[in-house]
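So the sequences go chain by chain: U and S.
Note that the first sequence ends on residue 477 in our numbering; no numbers are left out.
Note that the second sequence ends on residue 1232 in our numbering; no numbers are left out.
For every residue, glycine included, the Cβ atom is placed at its ideal position computed from N, Cα and C.
Computed from a predicted model, the values in this text were never measured in an experiment.
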Amino acid sequence: MKIAIYKFGSCSGCTIEMLNLSEDLLKMVYNKEVEVVFSTLLGADEKCENYDISLIEGAIVSEGDVATIKDIRRRSKILIAMGSCAVLGGVPGLRRFTNEDEVKSVYVEDYSEHKYFSEAMPVSRFVKVDYYVRGCPMNRYELLSLLEKILQNVWFKQEERRFPFIREKTLDIEGTALSLDGEKCITCGRCVKVCQEIVSAIDYINRSIETTVSTPFKVKLDESSCISCGQCTLYCPVGALKERSSVSEVQRLLKSGTRLTAYVEPEVLAALGEELNFDKRISGIAVAALKKLGFEKVILWRPQVTVRMQDNLTIIPSSEAEAIYIQRFHPELSKYMIEPPKIDSSSVVWITSCLARKLSRGLILTTRELIRLLSTLDFGILTEKSFDEVKLNELNFKTNKAVGIQEVERILMSVNDGRLREGAIELYICNRGCLYGGGQPYLRPEITMKREGLLAQILSSTEEEKRGSLGIMEALF
Amino acid sequence: MVRVIIDGKEATVEDGTTVLEAAKKLGIEIPTLCYFPNVFEEATCRICVVEDKKTGKMIPSCAFPVSEGLNVETNNERVRSDRKLALEVILAIHKIKCQSCPRKGGRCELLVLCKEYGVEGIPVCAECPLHEEDCLLANGEVCLGPLTVAGCDGICMHSNRSCEGCRGPIMRTDVIKEAVKLYSSHGITLENILVKLGRYYSSSPYYDSVVKVIAQFFNKNNKNEWFDEGDE
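Here you go:
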């Protein structure tokens, strides 16, 4: 594959950016996949009539350039415009706004000799361009992947074809914890399928181009059978179904210097470690990152519940979602149910894996929102810190745990039948429990899950820490 | 067990597996959007189409079961251009609101596919790591992100610099309209934008039309008359 690099009105920055590919480019040259036969910057000038690929850098600025570019087009199979100047006219194009006489007075004879245009023009104005690599300088990896595609013969010429936004009737469904943006929905149907297995709050309405996802009779999500578990938001590929964001509120509070305490659930850390690829070190890094953002204290905790043991049967909902589920679908059992966990304090930010907690008052951040909050931080400069406090008290009596909608339904039915009359029942409506709750990072088909292992590691390391500090105390006395 | 040929490679797979799964066993990756294993396998997006060499038909690989002697190609020119068309159709019913999207900052599956297939309709905002209060527009800076073609990974915003628009304008009126709405909500005027807009594409044939459309929308915004019909 013979490559020629031609430069017109430009700074050579794109060729240098291409050379920054270094090893990748050298590998291609050593494997005799490509061969640079012409480049003024590299000093390559082999006698060669036809090129396989011509990379054009820079805008067309004079009549001489026009003749050259037409000649190059005739001699090359594929012509790639590289960088902003070649694609759009770029920086040399700014001469459009200058006074021509002024320019002439600077360049004097040179100017008239080369027959410069009063405007600098993109390459596509004169010849057909097969592919554009945009940017100033262009992204070298974009060029590399393009060259690889050409070598494997799996590419096609860029055509200009644009569709406007064609949807006329769209529907927004609002809710307290989450909402559906009808304009963004691409009606793929993932959310409908996921919700059908839980409460069937949403389904398709209308036909053809007007197809939308909606609740029955377009009522608000809070008035439908939706329990705000948020499983649909995990699967929506375009972010049409999303949580009510508290990111800007927390950011504003942190900026104004309010003293905030972060209560972090271990499930959040496990998912965060998986998403950011930190593995075991995640607890330390997460604490350091939260402190860096301006949180005063960071506490690892699990929500605490108070159980009145005088009752024979107690149903413990792990969040608002289960509470609403029972009130709506099993109202006769609500007398056994205790209140879902809550924090009533304006200086506490509860970072949780559960989206339904957003139904309660107070500052609630989901794992996804935490990732957004952390997105501007440089994790490399952080030194690991430990939690200010660890509150992971387990319930001191035995409970029946029901995880997933089918199991929740089965256990509630057995309560209804009278087969189950005493003890405590913990309900987790999300499939696979809180580790895969509605506020966790988006699920992708290709990702391999290692949350379970991470969670176990995080819990065991905090246990060790506790024991370690106890050991020191014992030694002191 | 049935024998199939995928991209010239032969494989023996169990009856009832889909083309996508069979390709995965051979180490061939087929892009997907709506498909999610064990959750959603109904082929609504058509990104995963492959070409059946015998009949010349395009088949959705995530839902199509293999049959004896099936011969498909997963990455030829026809397949790629069909995938591009599918993407363009999806973008035509997906309103570009990247600034407020929870998937912005490199988590947009649509953007990854658009980059791969050269579809230009998503602005730099989709790759911007800054969120809500940190947005440069909220700080009063003129950022050309909402108007510029994505693909740079938001490299300038990673160091808190505003977008200069080096990748060129998005030529879609609805994107420009959303951008103008955003600018005017942050108190940025047409003059502010024009100072920056010409830096990289003042001589391209797009410049004049983009300026015209932006000015038109700013006019409408100043008079408070957003008529949804007739704009597009």
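Residue range of the beta strand (DSSP E) that residue i falls in?
i, result
"F38(U)", "E35 to S39"
"N1219(S)", "Element bounds for N1219(S): not the beta strand (DSSP E) but the alpha helix (DSSP H), Y1206 to N1222."
"G1198(S)", "First-last for G1198(S): L1190 to Y1201, but that is the alpha helix (DSSP H), not the beta strand (DSSP E)."
"D203(U)", "D203 to I205"
"D24(U)", "Premise fails: D24(U) lies in the alpha helix (DSSP H), E23 to Y30, not in any beta strand (DSSP E)."
"V426(U)", "In the sequence as presented, Val is not what sits at residue 426(U); that position holds Glu. Looking at the DSSP string, the run of the beta strand (DSSP E) that includes E426(U) is G423 to Y428."
Looking only at its own chain, which residues have a Cβ that is under 7 Å from the Cβ of residue i, when we skip the five neighbours before and after it?
i, result
"L377(U)", "A289 and K292"
"L151(U)", "M1 and E33"
"H1186(S)", "L1137 and A1138"
"M1171(S)", "Y1206"
"T40(U)", "K7"
"K1115(S)", "G1151"
"G273(U)", "D279, I282 and L454"
"N1222(S)", "none"
"E1120(S)", "V1149 and I1170"
"G436(U)", "Note that residue 436(U) is Tyr in the sequence shown, not Gly. Closer than 7 Å at Cβ, skipping near neighbours: C430."
So residue i contacts chain U; which residues on that side make the cut at Cβ distance below 9 Å?
i, result
"R1103(S)", "C236, P237, V238, G239, K242 and Y442"
What residue range is occupied by the uninterrupted alpha helix (DSSP H) comprising residue i?
i, result
"Y1117(S)", "E1109 to Y1117"
"S179(U)", "No alpha helix (DSSP H) contains S179(U), which is instead part of the beta strand (DSSP E) from L178 to L180."
"V300(U)", "Position check: residue 300(U) holds Leu in this sequence, whereas Val was assumed. Segment K297 to W301 is the beta strand (DSSP E) holding L300(U); no alpha helix (DSSP H) there."
"K342(U)", "No alpha helix (DSSP H) holds K342(U); DSSP gives it neither H nor E."
"L19(U)", "G13 to L19"
"A323(U)", "E320 to F329"
"R140(U)", "R140 to L151"
"T68(U)", "E63 to R75"
"M413(U)", "I405 to D417"
"M121(U)", "Run containing M121(U): none in the alpha helix (DSSP H); it sits in the beta strand (DSSP E), Y116 to M121."
"E1088(S)", "E1077 to I1093"
So residue i contacts chain U; which residues on that side make the cut at Cβ distance below 7 Å?
i, result
"C1152(S)", "G135 and N139"
"D1174(S)", "P164 and F165"
"N1192(S)", "The contacting residues do not exist; N1192(S) stays about 17 Å from chain U at best."
"N1075(S)", "V154"
"C1166(S)", "S84, G135 and C136"
Cβ closer than 8 Å: which chain U residues qualify as neighbours of residue i?
i, result
"F1036(S)", "R190, Y235, L443 and P445"
"E1127(S)", "Under the 8 Å cutoff, chain U gives no residues; its nearest Cβ is about 11 Å from E1127(S)."
"V1149(S)", "R134"
"C1045(S)", "I186 and C188"
"E1109(S)", "P237, V238 and R444"
"K1097(S)", "D181, E183 and K184"
Using the beta-carbon of each residue, which ones in chain S are nearer than 7 Å to residue i?
i, result
"V194(U)", "V1039"
"I494(U)", "It is not possible to answer for residue 494(U), since the shown part of chain U is limited to 1 through 477."
"G90(U)", "Y1200"
"M121(U)", "S1203"
"L42(U)", "Near L42(U) there are no residues of chain S at all, since even the closest Cβ is about 24 Å away, more than 7 Å."
Going by beta carbon distance, what residues of the same chain come within less than 8 Å of residue i, once the five residues before and after it are set aside?
i, result
"A323(U)", "P317, M337, E339 and P340"
"S334(U)", "I326 and Q327"
"K242(U)", "L178, S179, D181, T233 and C236"
"L1182(S)", "Q1099, L1137 and P1146"
Given that residue i touches chain S, what residues does it touch there, using C-beta distances under 9 Å?
i, result
"Q251(U)", "H1131, E1132, E1133 and D1134"
"L412(U)", "Within 9 Å Cβ-Cβ: nothing; L412(U) doesn't reach chain S, min ~24 Å."
"F97(U)", "G1198 and S1202"
"R451(U)", "Neighbours of R451(U) on chain S: none; closest Cβ ~17 Å, over 9 Å."
Just the chain S side, please: which residues come within less than 8 Å of residue i by C-beta, in chain order?
i, result
"M82(U)", "Per Cβ cutoff of 8 Å: no residues; M82(U) is ~13 Å from chain S at best."
"S375(U)", "G1105, P1129, L1130 and H1131"
"K255(U)", "E1133"
I'd like the list of long-range same chain contacts for residue i, defined as Cβ closer than 6 Å, with 5 residues on each side in sequence excluded.
i, result
"E1229(S)", "With a pLDDT of 46 at E1229(S), under the threshold of 50, the modelled position of that residue is not reliable, and the figure given next carries that caveat. Cβ within range, chain order: n/a, list empty."
"W155(U)", "K149"
"V219(U)", "none"
"L147(U)", "none"
Round the Cβ separation of residue i and residue j to the nearest angstrom and send it over; I've been treating them as touching at under 8 Å.
i, j, result
"T352(U)", "G433(U)", "Not confirmed; about 13 Å, so no contact."
"L260(U)", "F295(U)", "5 Å"
"L976(S)", "I1006(S)", "Nothing can be reported for residue 976(S), as the shown portion of chain S is limited to 1001 through 1232."
"A1126(S)", "C1143(S)", "Rounded, the Cβ-Cβ distance is 14 Å, inconsistent with contact."
"G1105(S)", "S124(U)", "That belief does not hold up - the Cβ atoms of G1105(S) and S124(U) are roughly 32 Å apart, past 8 Å."
"A86(U)", "G43(U)", "Actually they are not in contact, since the Cβ atoms of A86(U) and G43(U) sit about 21 Å apart, beyond 8 Å."
"G83(U)", "G9(U)", "Wrong, their Cβ atoms sit about 11 Å apart, outside the cutoff."
Considering only heavy atoms of the ligand SAH, does any lie closer than 7 Å to the CB of residue i?
i, result
"V34(U)", "Among the components of this structure there are no ligands whatsoever, and the ligand SAH is therefore not found."
Tell me, please, whether the region 379-396 of chain U touches the region 245-256 of chain U by the rule of three or more beta-carbon pairs shorter than 8 Å.
no
Would you be able to state if there are at least three C-beta pairs under 8 Å between the region 1062-1077 of chain S and the region 1152-1162 of chain S?
no
Contact the region 186-193 of chain U vs the region 1044-1062 of chain S: 3+ CB pairs below 8 Å:
yes
Determine contact between the region 203-216 of chain U and the region 1207-1218 of chain S, defined as no fewer than three beta-carbon pairs at a distance below 8 Å.
no
With a threshold of 8 Å, are at least 3 pairs of Cβ atoms found where one atom belongs to the region 137-144 of chain U and the other to the region 18-26 of chain U?
yes
Say whether the region 63-80 of chain U touches the region 97-108 of chain U, bearing in mind that this needs 3 or more beta-carbon pairs closer than 8 Å, one atom from each stretch.
no
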